[in-house]
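J.: Pasting a structure here, questions to come.
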Amino acid sequence: MGEIIKTEQLCYEYRGAEEQRVRALSDINLSIQAGEFVAIIGTNGSGKSTLAKHFNALLLPTSGNCYVNSFNTCDEKHLWVIRQDVGMVFQNPDNQIVATIVEEDVAFGPENLGIAPMEIAKRVEEALQIVGMTDYRQHAPHLLSGGQKQRVAIAGALAMHSRCLVLDEPTAMLDPRGRKEVLQTVKKINKEEGITIIYITHDMEEALHADKVIVMNQGTIVQEGSPACVFSQVSFLKSLGLDVPLAADVAQELRNRGIKLPQQIITDEELVVALCP
Amino acid sequence: MSIRLENVTYTYMQGTPYERVALQNINLEIKPGEFVGIIGHTGSGKSTLVQHFNGLLKPSGGNVRIDDIDLQQNKNAAKQAKKKVGMVFQYPEHQLFEETVFADIAFGPRNIGLSEAEIEIRVRKAMQFVGLEYDAVANRSPFQLSGGQMRRIAIAGVIATEPEYLILDEPSAGLDPRGRREIFSQIKELHIATGNSVILVTHNMEDVLQLATRLIVMDSGQVVLDDRPETLFWNHQDQLQSAGVDVPHIISLLQKLRSAGINIGECQLNAESVAVAVCEALRRQKHDQ
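First to last, the sequence lines map onto chains A and B. The numbering of the first sequence is the working numbering, which starts it at 1305 and goes up by one. The numbering of the second sequence is the working numbering, which starts it at 254 and goes up by one.
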């Protein structure tokens, strides 16, 4: 256990269209514990994905530091270890599949690490089992559904023995069934395998499943806490252009109409219990 | 006046080992002015279906008519008829290609053969509909703008051809909640202002509930349900579930509250209306005691 990712005064700037500097992240200080399930929410352009790309050194801070398992991401020596420790799953399932057969795709990462074939076979089998895709091991990935493709991508990270998985809107392009599959898989690897999850999403109902929610706006962290604590701030989140879980929204409307309700209602069940004790 | 499909069947890769029936015996009619939602899980045939509406796919069996013109029969007339149907694909921003926003949106109207003056009027109008400021962005490169703005440009390019039937395939995918709300309120305004038909293909039940006047549910290449959204969501939940479609969250919340004994009457399906209805029900309950 302990801290797996830490940032100190992390800033990131890039050159914009007319060569002017654009600050995408400013003064990000955060600490993510091993085994935590952290959701990051924020509007488009709030810096979520830019921040996530620092977690496995795809981007390096302009100033400040980012540490993965105490290794500074700026230190090139540790790049391989960092990339192995922190796996990434992106939004578009079609952009991250490299092989023509599912099990070969999952084996791609460990093969690149130079692991012995017997060990690779074992890891691939384990990984596919965890994400529930064993039956599809011989299938062509492009014929799978979106949710299945994302689960294959997750298996790829598991086969690398990554201890932390960063998922950048992994369900944005999926249908409701695919969304459920991916979210359940993510929860499972977090609970059963103890893998740290950093989950970027626009879907507040998905973010409810996290241990901790981080809210970003214009390149800074504006709120951080348990889902109950973050999502009960209905008007604040709406002012940022975000949604809130339906139950929290209805609870706030009820409070506005003089109904006395506890402050932290975020799920349907909590709302029902509060109204019908 | 309508888009009409009669006994339409479509088979992918016919005559090969990969042959797969994507649509089976579809009969339906989309009338002018309707706002139709088409839902169904991935692979249910939604996109294949809408690609028949403007002749992008030719049915393997059956026929498609736009305003009584059979797309298979009359080549020239069919070409004119297809122009009445505008299609916004998934992730339409990937199809932007011109150097300026203006040129990109003008591409469609120019292909129809409009005059330059008319083209500019169309472009301005389309940009206004999707909430893009003409003076600020018309001469910029579309590739310098944000994803949400690029999406709007792509939609404006189709709107500028003034289609009588506008098809949108997942127009809000990948946008944040604010972007999604904005796009949908603009589509709604457009629908009201022009009175044209809108056909919306989506996974998002909440959006369908707020917008559509009619809902078509697809499963395994067939139309399994076709009715008003409220009717479907309240009365056909089992069929929706077997089609792999979720009931909107707000409806399941209302059901939970009702089964917990709060006697909520009819209400509109948004958080505020639900809250009002709950207050009403609680007051009545107190009164009765």
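All C-beta atoms, glycine included, are put in the ideal place defined by N, C-alpha and C. Model, not experiment: these values are computed from the prediction.
Using 9 angstroms as the threshold, is the C-beta distance between A:I1419 and A:D1409 below it?
T.: Between A:I1419 and A:D1409, the gap from beta carbon to beta carbon reaches 9 angstroms or more.
J.: Give me, in chain order, the residues of the same chain whose beta-carbon lies closer than 6 angstroms to that of A:A1457; leave out the 5 immediate sequence neighbours on both sides.
T.: If the five residues before and after A:A1457 are omitted, its C-beta is found closer than 6 angstroms to the C-beta atoms of V1393 and Q1400, all from its own chain and listed in chain order.
J.: Starting from the beta carbon of B:E525, find every residue of chain A whose beta carbon is closer than 7 angstroms, and list them in chain order.
T.: E1557
J.: Please list, in chain order, the chain A residues whose beta carbon lies closer than 7 angstroms to that of B:I515.
T.: L1579 and C1580
J.: From the beta carbon of B:L388, is the nearest beta carbon of chain A less than 9 angstroms away?
T.: The question names Leu, yet the displayed sequence has Asp at residue 388 of chain B. It does not; no Cβ of chain A falls within 9 angstroms.
J.: Could you give the residue range of the alpha helix (DSSP H) that holds B:N329?
T.: Element bounds for B:N329: K328 to K335.
J.: Check for me: the beta strand (DSSP E) holding B:D472 runs from which residue to which?
T.: R467 to D472
J.: State the DSSP-derived secondary structure class of A:L1469, mapped to helix, strand or coil.
T.: It is a strand residue.
J.: My understanding is that A:E1312 touches A:G1351, with C-beta atoms under 8 angstroms, so please give their C-beta distance in whole angstroms.
T.: No, A:E1312 and A:G1351 are not in contact; Cβ-Cβ is about 16 angstroms, not under 8 angstroms.
J.: Comparing the C-beta of B:D422 with each C-beta of chain A, is any distance below 9 angstroms?
T.: no
J.: If you follow the alpha helix (DSSP H) that B:Y387 is in, where does it begin and where does it stop?
T.: Here the alpha helix (DSSP H) through B:Y387 covers Y387 to V390.
J.: Name the DSSP bridge partner or partners of A:I1332?
T.: A:L1314
J.: Buried or exposed for A:C1580, going by 16 or more other Cβ atoms inside 10 Å?
T.: exposed
J.: Pull up the CB-CB distance for B:E346 and B:A407, whole angstroms please, since I reckon it's below 8 angstroms.
T.: 5 angstroms
J.: Using the beta-carbon count (16 or more within 10 Å), is A:T1500 buried or exposed?
T.: Taking all protein chains in view, the Cβ of A:T1500 is crowded by 16 or more other Cβ atoms within 10 Å, so the residue is classified as buried.
J.: Determine which residues share a DSSP beta bridge with A:A1343 and list them.
T.: A:Y1503 and A:V1517
J.: Give the range of the beta strand (DSSP E) segment to which A:I1401 is assigned.
T.: Taken as a continuous stretch (DSSP letters only), A:I1401 belongs to no beta strand (DSSP E), as it is neither H nor E.
J.: By the 10 Å Cβ neighbour count, where 16 or more other Cβ atoms means buried, how is A:R1319 classified, buried or exposed?
T.: exposed
J.: With the cut-off set at 9 angstroms, would you say B:P430 and A:D1572 are in Cβ contact?
T.: Not in contact: B:P430 and A:D1572 (Cβ atoms no closer than 9 angstroms).
J.: Which residue's Cα is closest to the Cα of A:A1346: A:G1339, A:A1338 and A:A1356?
T.: Looking at the sequence itself, residue 1346 of chain A is Gly, so the reference to Ala does not match. A:G1346 has its Cα closest to that of A:A1356, out of A:G1339, A:A1338 and A:A1356.
J.: Is A:H1446 close to chain B? Criterion is C-beta to C-beta, closer than 9 angstroms.
T.: no
J.: Taking any Cβ of chain A, which residues in the region 484–503 of chain B have a Cβ under 9 angstroms from it, in chain order?
T.: G497, V498, D499, H502 and I503
J.: Under a three-way DSSP split, which group does A:L1546 fall into?
T.: coil
J.: By DSSP's criteria, B:S399 is part of a beta bridge. Which residues make up the other side?
T.: According to DSSP, B:S399 bridges with nothing at all.
J.: Which whole-angstrom value describes the C-beta separation of B:V261 and B:L276, a residue pair presumed to lie in contact below a C-beta threshold of 8 angstroms?
T.: The pair is a contact, with the Cβ atoms about 6 angstroms apart (cut-off 8 angstroms).
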